[in-house]
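Chains as they are written, first to last, in my numbering: chain A, 47 to 304; chain B, 47 to 304. Glycine included, each C-beta is placed from N, C-alpha and C at the ideal position. Below is one structure, written out as C-alpha cells; the observations come after it.
Protein chains: 2
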Amino acid sequence: MPKSAKIIPTQNRLLAALPTEVFDRLLPYLTLTPVPLGKVVYEPGAELENVYFPLPGCIVSMLYVMKDGASAEIAVVGDEGMVGIALFMGGGTTPSRALVQSAGQVFLLNGSLLKKEFDRHGKLQVLLLRYTQALITQMSQTAVCNRHHSVEKQLCRWLLLSRDRLPTNELTMTQELIANMLGVRREGVTEAAGKLQAQGLIHYSRGHITILDRPGLEARVCECYGVVKREYDRLLPEKAAPLSKQAAHPSKPALLPG
Amino acid sequence: MPKSAKIIPTQNRLLAALPTEVFDRLLPYLTLTPVPLGKVVYEPGAELENVYFPLPGCIVSMLYVMKDGASAEIAVVGDEGMVGIALFMGGGTTPSRALVQSAGQVFLLNGSLLKKEFDRHGKLQVLLLRYTQALITQMSQTAVCNRHHSVEKQLCRWLLLSRDRLPTNELTMTQELIANMLGVRREGVTEAAGKLQAQGLIHYSRGHITILDRPGLEARVCECYGVVKREYDRLLPEKAAPLSKQAAHPSKPALLPG
DNA sequence: GGAATTCTGTACGCTACCGTACATATGGGT
DNA sequence: ACCCATATGTACGGTAGCGTACAGAATTCC
Numbered sequence: 047m048p049k050s051a052k053i054i055p056t057q058n059r060l061l062a063a064l065p066t067e068v069f070d071r072l073l074p075y076l077t078l079t080p081v082p083l084g085k086v087v088y089e090p091g092a093e094l095e096n097v098y099f100p101l102p103g104c105i106v107s108m109l110y111v112m113k114d115g116a117s118a119e120i121a122v123v124g125d126e127g128m129v130g131i132a133l134f135m136g137g138g139t140t141p142s143r144a145l146v147q148s149a150g151q152v153f154l155l156n157g158s159l160l161k162k163e164f165d166r167h168g169k170l171q172v173l174l175l176r177y178t179q180a181l182i183t184q185m186s187q188t189a190v191c192n193r194h195h196s197v198e199k200q201l202c203r204w205l206l207l208s209r210d211r212l213p214t215n216e217l218t219m220t221q222e223l224i225a226n227m228l229g230v231r232r233e234g235v236t237e238a239a240g241k242l243q244a245q246g247l248i249h250y251s252r253g254h255i256t257i258l259d260r261p262g263l264e265a266r267v268c269e270c271y272g273v274v275k276r277e278y279d280r281l282l283p284e285k286a287a288p289l290s291k292q293a294a295h296p297s298k299p300a301l302l303p304g
Numbered sequence: 047m048p049k050s051a052k053i054i055p056t057q058n059r060l061l062a063a064l065p066t067e068v069f070d071r072l073l074p075y076l077t078l079t080p081v082p083l084g085k086v087v088y089e090p091g092a093e094l095e096n097v098y099f100p101l102p103g104c105i106v107s108m109l110y111v112m113k114d115g116a117s118a119e120i121a122v123v124g125d126e127g128m129v130g131i132a133l134f135m136g137g138g139t140t141p142s143r144a145l146v147q148s149a150g151q152v153f154l155l156n157g158s159l160l161k162k163e164f165d166r167h168g169k170l171q172v173l174l175l176r177y178t179q180a181l182i183t184q185m186s187q188t189a190v191c192n193r194h195h196s197v198e199k200q201l202c203r204w205l206l207l208s209r210d211r212l213p214t215n216e217l218t219m220t221q222e223l224i225a226n227m228l229g230v231r232r233e234g235v236t237e238a239a240g241k242l243q244a245q246g247l248i249h250y251s252r253g254h255i256t257i258l259d260r261p262g263l264e265a266r267v268c269e270c271y272g273v274v275k276r277e278y279d280r281l282l283p284e285k286a287a288p289l290s291k292q293a294a295h296p297s298k299p300a301l302l303p304g
C-alpha cells in the first residue's frame with residue numbers, strides 16, 4: 047500500500063486500472079492541473095505535447111470547426127478516458143479541436159513519456175486501445191445520430207453523456223455552448239430544452255442545468271445513447287471502487303465471455 | 047526478391063508496406079477470396095473470425111443500421127486499409143455492420159494470427175494504428191458532414207471516396223444503395239444525381255455510374271472530403287509503386303512539412 | 001417476344017430546422 | 001441601486017429533406 051491518501055490519480059479510471067508497476071512508473075510525471083471552461087486543450091493540426099487524464103467532473107469535448115465557423119462535436123471525454131490518442135496512434139495531430147466543456151482538473155502527462163510506456167506494450171497499451179475503440183463507437187454513433195435524430199433527442203443524449211461524467215446533476219453550460227456542440231442553432235436548443243423543462247425532466251437558468259429526472263431522459267433519448275453506453279461498459283474497466291484494490295484481483299471478471 | 051509475379055498481396059497498400067520479414071510470415075495464411083456486392087462481412091456484435099484486406103476495386107462499407115431500419119454509413123475501406131480493426135483494438139466486436147459496396151477480391155487472414163503478429167508490436171502494429179487513426183478521421187468527418195451538408199455535397203463526397211478506391215471511373219451502384227449509405231431517401235439521391243448529371247459531372251443508368259468530370263466534383267464537394275483525403279495521405283504509406291521497391295527509399299517525403 | 005422485376009423520375013403536402021430579428025429576463029459589477 | 005453584459009424567449013418566412021404515391025424506363029426471366 048503506497049503513500050495513498052494523496053494519490054488521487056486513481057480518480058481517472060484509465061489510470062486506476064493500471065497495474066501498480068506501470069502506475070508507479072508514471073506517477074512522478076503526472077501533474078495535476080486545473081482547467082477552466084472553454085480552455086482549448088489542443089488545436090487542429092498542432093503536435094500534441096501532453097496528454098490529459100480528466101478527473102471526475104471534468105469533461106473535454108472534441109469538436110470540429112469548419113471554415114465557415116459551423117461546428118459539431120465528435121466525442122466527449124471524461125474521467126473514463128484520455129485526451130490525445132493521436133499521440134500513440136501515430137499521427138501526432140488531428141483535424142479536430144479539444145476544449146474543456148466542464149471545468150475541473152486533469153492529470154497531465156508528457157507525450158513522449160506516454161508513448162514510451164505505450165511502446166512497452168503492456169497493460170497501458172491494452173487499456174488505451176480498448177479505450178480508443180470505445181471512442182470510435184462514440185464517434186460512429188454521433189454520425190448516425192446527426193443523420194437521423196431530432197434536436198430534442200440529441201439534447202437528451204448529450205445531457206446523459208455529460209451526466210455520466212459528472213459527480214452531480216448540475217451542469218454549468220449555456221444553451222449557446224450546447225448549440226455549438228450539437229451543431230444546431232441556439233434557438234433550437236432553447237426550444238428543445240424548454241420542452242424537457244416543461245415535462246419536469248430538467249431545470250435550467252442562465253448557464254446552469256439541473257437534471258431532475260434521469261429515467262425520464264432515458265425514456266426520451268434515442269437508441270444512440272444506449273449503444274455507446276453499453277460499449278463503454280463492455281470495453282472499459284469498471285468504475286474503480288472507492289478504496290482502490292485494483293490489480294490485486296479483478297473482483298468480477300468483467301463482462302467478457304469465457 | 048521472392049517468387050514475385052504471383053504475390054499480389056502487395057496490391058493491398060497495408061500489406062505492401064510491411065517489411066519482408068513480417069510479410070513472409072503472414073503470406074502463407076493470406077487467402078485470396080472474391081466477395082460479391084452486398085455480402086455481409088461481419089454483423090454487429092458478432093465476434094470476428096477473420097480480417098479482410100481489400101484489393102483495388104473492392105470496397106467495404108461500415109454501416110450502422112438502427113432498430114427502425116434506418117441506416118448510415120460510418121466509413122468505407124478499400125485497398126488502403128483493413129476491415130476488422132476491433133480485433134486488435136481489443137473489443138472483438140463492433141455495433142456496426144460491414145458489407146461489400148463494390149465487389150472484388152480480398153485477402154482474408156485469420157484473426158488470431160493477425161492478433162499474434164500485432165502483439166509482436168513491430169511494423170504491422172504501427173501501420174495498423176496509423177490506419178486506425180485515419181479511419182477515425184473519416185468517421186469524425188462523416189459525423190460533421192451529416193450534420194451540416196446537403197445531400198448533393200455528400201453525394202459528391204461519397205462518389206469521390208469511392209472513386210479513390212476504384213481502378214476506373216465506373217461504379218456499380220444503384221441510387222437505392224447510395225441512399226442507404228448516406229442515410230437519406232432514394233428520391234433525394236435521384237434528385238442530387240440528376241443535377242450532377244445535368245452538369246455533365248457524372249453519367250448514370252440503372253445501377254452504373256460513370257464519373258465524367260472529377261475536377262468538377264471536387265469543385266462541388268464540401269471540405270469534408272479534402273480533410274479526410276489529406277489525413278489519409280499523411281498517415282498512410284504512399285500508393286505502392288507498380289514494381290514494389292518500398293522500404294528501400296521513400297522516394298518522396300510525403301506531404302509532411304520540414 | 002412478352003411479362004415481371006428492378007430501377008429511376010416526378011409530384012405534393014408536411015415537418016424540422018434554419019436565418020434573422022428583436023424582446024425579455026437574469027445576474028454580476030461598481 | 002443601477003447599469004450592462006449575457007442568457008433565454010418568441011416569432012416568422014424560407015427551405016431542405018421526408019413520407020407517400022405512382023408513372024415511366026430499362027433489364028432479366030421465362
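Taking C-beta pairs closer than 7 Å, name the residues in chain B that residue i reaches, listed in chain order.
i      : result
A/A189 : A118, I120, M185, T188, A189, N192
A/A284 : At residue 284 of chain A the sequence reads Glu, which differs from the Ala that was named. Simply none; closest approach about 16 Å.
A/Q179 : A132, M135, G136, G137
A/E277 : P141
A/G229 : R193, H194
A/Y88  : Those within 7 Å of A/Y88 in chain B number zero; the least Cβ separation is about 14 Å.
Is residue i helix, strand or coil by DSSP?
i      : result
B/M122 : It should be pointed out that residue 122 of chain B corresponds to Val in this sequence rather than to Met. It is a strand residue.
B/T56  : helix
A/P65  : coil
A/A300 : Reliability of the predicted coordinates at A/A300 is poor, the pLDDT of 42 falling under 50, and no value is obtained from them.
B/L78  : strand
B/V235 : helix
A/M47  : Reliability fails at A/M47, whose pLDDT of 46 lies under 50, so the model's placement of it is uncertain and no value is given.
B/H295 : In this prediction, B/H295 has a pLDDT of 41, which is less than 50 and means its spatial position is unreliable; what the coordinates show is noted afterwards. If DSSP states are grouped into helix, strand and coil, B/H295 belongs with coil.
A/K85  : coil
Residues of chain A with CB closer than 9 Å to the CB of residue i, please, in chain order.
i      : result
B/Q147 : Residues of chain A passing the Cβ test: none, with the nearest at roughly 17 Å.
B/V129 : Residues of chain A passing the Cβ test: none, with the nearest at roughly 14 Å.
B/V172 : G136
B/K169 : In chain order: nothing, as chain A lies at least about 12 Å away.
B/G157 : Chain A residues near B/G157: none, gap ~15 Å exceeds 9 Å.
Against residue i, what residues of chain A qualify as contacts under a CB-to-CB distance less than 8 Å, listed in chain order?
i      : result
B/K199 : Those do not exist, as B/K199 stays about 12 Å from chain A at its closest Cβ, beyond 8 Å.
B/R176 : M135, G136, G137
Could you please give the first and the last residue of the uninterrupted alpha helix (DSSP H) stretch that includes residue i?
i      : result
A/A133 : For the sequence presented, residue 133 of chain A should be read as Leu rather than Ala. Note, A/L133: alpha helix (DSSP H), 132-135.
Need the endpoints of the beta strand (DSSP E) that residue i sits in, please.
i      : result
B/S107 : 105-111
B/Y98  : 96-100
A/V230 : It is not in any beta strand (DSSP E) - A/V230 carries neither H nor E in the DSSP assignment.
A/V129 : That residue, A/V129, is in no beta strand (DSSP E); it is neither H nor E in DSSP.
What does residue i reach in chain A if we use C-beta pairs closer than 7 Å?
i      : result
B/I182 : I182, M185
B/G234 : Going along chain A, no residue has its Cβ under 7 Å from B/G234, so there is no contact; the nearest lies around 12 Å.
Closer than 8 Å by beta-carbon distance: list the chain B residues that pair up with residue i, in chain order.
i      : result
A/A273 : The question names Ala, but residue 273 of chain A is Val in the sequence shown. Within chain B, the residues near A/V273 are P141.
A/K113 : E269
A/L281 : G136, G137
Does at least one heavy atom of the ligand NAP sit under 7 Å from the Cβ of residue i?
i      : result
B/L181 : With respect to small molecules bound, the structure shown includes none, and the ligand NAP cannot be examined in it.
Run through chain B and tell me which residues come within less than 9 Å of residue i, C-beta to C-beta.
i     : result
A/Y98 : None at all; the shortest Cβ gap to chain B is about 18 Å.
Threshold first: 4 residues or longer. Then list the alpha helix (DSSP H) segments lying entirely within the stretch 144-221 of chain A, N to C.
157-164, 169-194, 197-209
Minimum length 3: unbroken beta strand (DSSP E) runs contained in the stretch 245-287 of chain A
248-251, 254-257
Would you call the stretch 64-74 of chain B and the stretch 178-189 of chain B touching, i.e. three or more CB-CB distances under 8 Å?
no
Could you tell me whether the stretch 230-237 of chain B touches the stretch 139-148 of chain B, using the rule of 3 or more Cβ pairs below 8 Å?
no
Is the stretch 118-135 of chain A touching the stretch 91-105 of chain A in the sense that three or more CB pairs, one from each, lie closer than 8 Å?
yes
For the stretch 113-125 of chain B against the stretch 189-208 of chain A, do three or more pairs of beta-carbon atoms, one drawn from each stretch, fall closer than 8 Å, so that the two count as touching?
yes
Using 8 Å as the Cβ pair cut-off and three pairs as the minimum, do the stretch 147-156 of chain B and the stretch 233-240 of chain B touch?
no
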